[in-house]
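Going by the UniProt record's numbering, the residue at position 30 of the sequence shown is 30; the numbering climbs one at a time, nothing skipped.
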Amino acid sequence: MNFFSKYLKKYKDKKELKKSNFGRDYGWYIEYEGKTIGELVDWKFTDMFWCSYKVAPLNGEWESIVFDEKKWQNCEFKFKNKKYNKYAENAFSGFAPGSLMETKTVGMRMLYFTEL
């Protein structure tokens, strides 16, 4: 790949990321021990550097795991973008203790891409 091709690809990737709000608009799969167990959907900005997502288990079988606050606090989940099929490597969550099951939302930081 020559210099111009690399530059053009980088330009197109940046344009695509900006259009998708850096991957946020497509949503994220929640993975645990290699299995997709839920989704993060309906995001919104909540504070500087933080976004809030609705947590949706894929089925009732995964509900107890996806709403386990200790697993979220210990960063046991991986987050894979639904469109780009890439992981957000440094994402982590935050929420008020005891609120996850009640609100079914989680605050996320660094859940976006800066490059493809």
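We put the CB at the ideal spot given by N, CA and C, even for glycine. Given the structure is predicted, the values throughout are model-derived calculations rather than measurements.
- As summarised for the region 19-78, the continuous alpha helix (DSSP H) elements at least 4 residues long and confined to that stretch are 63-66, 69-73, given in chain order.
- Residue environment analysis places F49 among the exposed positions, since fewer than 16 neighbouring C-beta atoms fall within 10 angstroms of its C-beta.
- Membership of M108 in the beta strand (DSSP E) is indicated by the continuous run 105-109.
- The continuous stretches of beta strand (DSSP E) do not include S99, and DSSP gives it neither H nor E.
- By the Cβ test, the region 25-38 is in contact with the region 80-94, since at least three Cβ pairs between them sit closer than 8 angstroms.
- Comparing alpha carbon positions, the residue from S99, W62, F22 closest to K82 is F22.
- Here the region 6-19 does not lie against the region 68-79, with fewer than 3 beta-carbon pairs under 8 angstroms apart.
- Look at F4 here: in three-state DSSP terms it is helix.
- Apart from the 5 residues on each side of it in sequence, W43 sits with its Cβ closer than 6 angstroms to the Cβ of R24, C51, Y53 in its chain, given in chain order.
- Taking 7 angstroms as the cut-off, the Cβ atoms of M110 and S93 do not count as close.
- Excluding its 5 nearest sequence neighbours in each direction, C75 has C-beta neighbours in its own chain below 8 angstroms: F92, S93, listed in chain order.
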